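Residue numbers (our numbering), protein chains in the order written: chain A, 4 to 329; chain B, 4 to 329.
Yeah, the Cβ is synthetic: ideal placement off N, Cα and C, and Gly gets one too.
All values reported here derive from a predicted model rather than from experimental measurement.
There are 2 protein chains.
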Amino acid sequence: MSGTSNDTARGVVVGVDIGGTKVLAGVVELDGRVGRTARRTTPGRRVVTSRVEDALVAAVLEAADGRPLAGVGVAAAGFVDSAGERVMFAPHLPWQGEPLRDLLADRLGCPVGLDNDANCAARAEAHHGAARGAASALMITMGTGIGGAVLLDGHVVRGANGMAGEFGHMQVVPDGQACECGRRGCWEQYSSGNALVREARALMADQPSVLVEMSGGAPEQVTGPMVTSAAEQGDLVARQAFASVGGWLGVGTANLVAAFDPEVVVVGGGVSAAGDRLLDPARAALRRTLVGAGHRVVPLLVAARLGPQAGMVGAALLVSGDQVRR
Amino acid sequence: MSGTSNDTARGVVVGVDIGGTKVLAGVVELDGRVGRTARRTTPGRRVVTSRVEDALVAAVLEAADGRPLAGVGVAAAGFVDSAGERVMFAPHLPWQGEPLRDLLADRLGCPVGLDNDANCAARAEAHHGAARGAASALMITMGTGIGGAVLLDGHVVRGANGMAGEFGHMQVVPDGQACECGRRGCWEQYSSGNALVREARALMADQPSVLVEMSGGAPEQVTGPMVTSAAEQGDLVARQAFASVGGWLGVGTANLVAAFDPEVVVVGGGVSAAGDRLLDPARAALRRTLVGAGHRVVPLLVAARLGPQAGMVGAALLVSGDQVRR
Numbered sequence: 004m005s006g007t008s009n010d011t012a013r014g015v016v017v018g019v020d021i022g023g024t025k026v027l028a029g030v031v032e033l034d035g036r037v038g039r040t041a042r043r044t045t046p047g048r049r050v051v052t053s054r055v056e057d058a059l060v061a062a063v064l065e066a067a068d069g070r071p072l073a074g075v076g077v078a079a080a081g082f083v084d085s086a087g088e089r090v091m092f093a094p095h096l097p098w099q100g101e102p103l104r105d106l107l108a109d110r111l112g113c114p115v116g117l118d119n120d121a122n123c124a125a126r127a128e129a130h131h132g133a134a135r136g137a138a139s140a141l142m143i144t145m146g147t148g149i150g151g152a153v154l155l156d157g158h159v160v161r162g163a164n165g166m167a168g169e170f171g172h173m174q175v176v177p178d179g180q181a182c183e184c185g186r187r188g189c190w191e192q193y194s195s196g197n198a199l200v201r202e203a204r205a206l207m208a209d210q211p212s213v214l215v216e217m218s219g220g221a222p223e224q225v226t227g228p229m230v231t232s233a234a235e236q237g238d239l240v241a242r243q244a245f246a247s248v249g250g251w252l253g254v255g256t257a258n259l260v261a262a263f264d265p266e267v268v269v270v271g272g273g274v275s276a277a278g279d280r281l282l283d284p285a286r287a288a289l290r291r292t293l294v295g296a297g298h299r300v301v302p303l304l305v306a307a308r309l310g311p312q313a314g315m316v317g318a319a320l321l322v323s324g325d326q327v328r329r
Numbered sequence: 004m005s006g007t008s009n010d011t012a013r014g015v016v017v018g019v020d021i022g023g024t025k026v027l028a029g030v031v032e033l034d035g036r037v038g039r040t041a042r043r044t045t046p047g048r049r050v051v052t053s054r055v056e057d058a059l060v061a062a063v064l065e066a067a068d069g070r071p072l073a074g075v076g077v078a079a080a081g082f083v084d085s086a087g088e089r090v091m092f093a094p095h096l097p098w099q100g101e102p103l104r105d106l107l108a109d110r111l112g113c114p115v116g117l118d119n120d121a122n123c124a125a126r127a128e129a130h131h132g133a134a135r136g137a138a139s140a141l142m143i144t145m146g147t148g149i150g151g152a153v154l155l156d157g158h159v160v161r162g163a164n165g166m167a168g169e170f171g172h173m174q175v176v177p178d179g180q181a182c183e184c185g186r187r188g189c190w191e192q193y194s195s196g197n198a199l200v201r202e203a204r205a206l207m208a209d210q211p212s213v214l215v216e217m218s219g220g221a222p223e224q225v226t227g228p229m230v231t232s233a234a235e236q237g238d239l240v241a242r243q244a245f246a247s248v249g250g251w252l253g254v255g256t257a258n259l260v261a262a263f264d265p266e267v268v269v270v271g272g273g274v275s276a277a278g279d280r281l282l283d284p285a286r287a288a289l290r291r292t293l294v295g296a297g298h299r300v301v302p303l304l305v306a307a308r309l310g311p312q313a314g315m316v317g318a319a320l321l322v323s324g325d326q327v328r329r
């Protein structure tokens, strides 16, 4: 497999995914496979920024295991400027405009690439996953909220501010549910991990559900994984919650498809682990809501393939992209 | 001006805009200026397709005025396939999948380009108008409904089915106003020429308005140009109608900007003739509704520059594009 290994004289490529709770680094091969990984706890958002950089550098060096670094790509859970140089702000990290890319390049002594985590995950799916070979694709990342990315010819469209793909804050209900962003009716209030839990909590007030027992009778203790597990056990409340969140996934996707007309729509993020329980109601709503559905090829709505490693793999592509570009 | 004229030995480039009521053809210079034009009435949608092609060919030949044809670009008010070969369907034209591009190339003896009218107008604004020089832009065309296009590096993103840019049928109100497309709550039901007229008709039932006199006391006789004229005279009903339609223009634009993050948003089409009366409430709603407005450069929302000739000029770019591409 020498043709696909990057462990050569020029060194290894390491991808890093940094979120609010953990830093995950891994050596990424040219074919997208992940080798040695390392993990650190994110120091938090109220610490000096250098402590977060320390954790990041430590994770990179542990993953590299003494091999020289050919390049390091960083996927950050925050807004990255259009030049890919700075994390402008991030809800769970202390960076506010620090020139992270150059700071890390100095400390690591190799080229560094930087982008937000949703863009990196999309890049990974485009090169090695569910969007591979598509001339145009949308990535929708469903976690706590909704993130995403627009892909054209395998490249992420980053936008004038590097902020393209903020799908979760498209308004789908005028004067709707209040959103953490300060506005109302944002898509992610109806289709996300948070929405799934809220829907299940509301439904279990009126209907029998295994979630009552799972949560010790306290609806506020219900979590997303509990709803997924309850749905697998056939619980009707949990299944209704997935039908609601999936339906809204389809409605919002129809809006994006009307605008972009992509070949394929890839759904990733934690909630997408529910697979067809989420995607089947979404596919039905997409067909029902999409303009001209009878006159077009309705895009496939598919689950992401790379799972929790997508951010890391896509980050590595920021520095090894030329070698794998189709 | 020999450097900008296309009236050379290789012949002239003619752009044609064909809609439900008229066929407009014109010689288009390399700098986007329009020379000799010709006009025909569209024969209708219930005639044999060759009659429409006859009208189109006649308009082209009249505009060319005996000069050889270097190429002809056609902007059609309908859905054009992703290859740019066929009009798949059109509400006011008889074509249903005819290979129009090749049919016309045979009849005219020159290369022919084909795209839908909104894409052509966007291409014209990108090369010669309000989106010139922008790395990314959105064109929103407000006429009877809403059409549009996505521009990246001056090129229209056509989509997998050639159907990108169908912004008017993004759902903004669940179970909202019924739409001609068969669904409910489409954006163009709240922000378009039709929406402007409907809003004014509803408001004049309860408030004094010059529209009562202008329409002979019959609200169903109110037209878009009447509302524009009444607003210019200071009529409060007409101004409220513009505020409503403009506000919804901003809300829908905020959704598109969240997704694409373009440098500039260009608003064209008949309703855009109202200028800031439409765009000021739209700008306010865009700033209010756009995610992260405090952390980004909010894109300019500007009126299109090329007016009713945009389709024709953009159609010509389909066959002369290489010569003017930046």
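For the C-beta of B/S194, not a single chain A residue is nearer than 9 Å; the gap to the nearest is close to 13 Å.
By the Cβ neighbour-count rule, A/H130 is buried, with 16 or more other Cβ atoms within 10 Å of its own. One Cα belongs to A/A127, the other to A/G35, and the distance between them is close to 8 Å.
The straight-line gap separating the alpha-carbon atoms of B/A134 and A/A313 is approximately 35 Å. The three-state secondary structure of B/C182, taken from DSSP, is coil. Interface with chain B (8 Å Cβ-Cβ cutoff): A/N258 is included. Our two residues, A/G250 and A/V175, have alpha carbons roughly 13 Å apart in a direct line. For A/A78 and A/A108, the gap between their C-alpha atoms comes out near 15 Å.
Identification of residues in the stretch 258-289 of chain A having a C-beta nearer than 8 Å to some C-beta of chain B yields N258, L259, A261, A262, F263, D264, P265 and E266, given in sequence order. A residue is called buried once 16 or more other Cβ atoms fall within 10 Å of its Cβ, and A/G297, having fewer, is exposed. Shown in chain order are the members of the stretch 298-311 of chain B whose Cβ falls below 8 Å from a Cβ of chain A: H298, R299, V300 and P302. Comparing C-alpha distances from A/G188 to each of B/L293, B/L111 and B/A62 shows the shortest one belongs to B/L293.
Secondary-structure assignment with DSSP links B/S139 through a beta bridge to B/L155. Distance from the Cα of A/A73 is smallest, within the candidate group A/E56, A/S85, A/R89 and A/L33, for A/L33. Comparing C-alpha distances from A/R48 to each of A/G38, A/V90, A/G171 and A/G69 shows the shortest one belongs to A/V90. Taking a C-beta distance under 8 Å as the contact criterion, A/G87 and A/D118 qualify as a contact pair.
Contact annotation: A/A306 and A/G272 have beta-carbon atoms that are not nearer than 8 Å.
Bounds of the beta strand (DSSP E) holding A/M91 are V90 to F92.
Segment contact: the stretch 136-152 of chain A against the stretch 241-256 of chain B, fewer than three CB-CB distances shorter than 8 Å; contact not assigned. Of the residues B/A198, B/G18 and B/M166, the one whose Cα lies closest to the Cα of B/G179 is B/A198.
Rounded to whole angstroms, the Cβ separation of A/V274 and A/G227 is 7 Å, and the two are in contact under 8 Å. Residue environment: B/R291 is assigned as exposed (fewer than 16 neighbouring CB atoms within 10 Å of its CB, all protein chains considered). Proximity of chain B to A/T292 at the Cβ level (cut-off 8 Å) is accounted for by Q174 and R186, in chain order. Remark: C-beta atoms of B/A66 and B/V30 approach each other more closely than 8 Å. About 6 Å separates the Cβ atoms of B/M166 and A/R299, confirming a contact at the 8 Å cut-off.
Close partners of A/G168 in chain B (Cβ separation under 9 Å): A261, A262, F263 and D264. Per DSSP, reduced to three states, the secondary structure at A/D120 is helical. Within 10 angstroms of the beta-carbon of B/G112 lie fewer than 16 other beta-carbons, which makes it exposed. A/V248 and A/E191 do not touch by the CB rule: their CB atoms are close to 10 Å apart, not below 8 Å. Taking a Cβ-Cβ cut-off of 9 Å, the neighbours of B/L155 in chain A comprise L155 and V160, given in sequence order.
Checking the DSSP bridge columns, you'll see B/T292 has no partner listed. From the listed residues B/E169, B/A246, B/L103 and B/D120, the smallest Cα separation to B/K25 is found for B/D120. Around the beta carbon of B/E266, 16 or more other beta carbons sit within 10 angstroms, so the residue counts as buried. In its chain, beyond the 5 residues on either side, H172 have a beta carbon closer than 6 Å to the beta carbon of B/C184. Among the CB atoms of chain B, one or more fall inside 8 Å of the CB of A/P177.
With a cutoff of 8 Å on beta-carbon distance, A/G255 and A/S218 are scored as not near each other.
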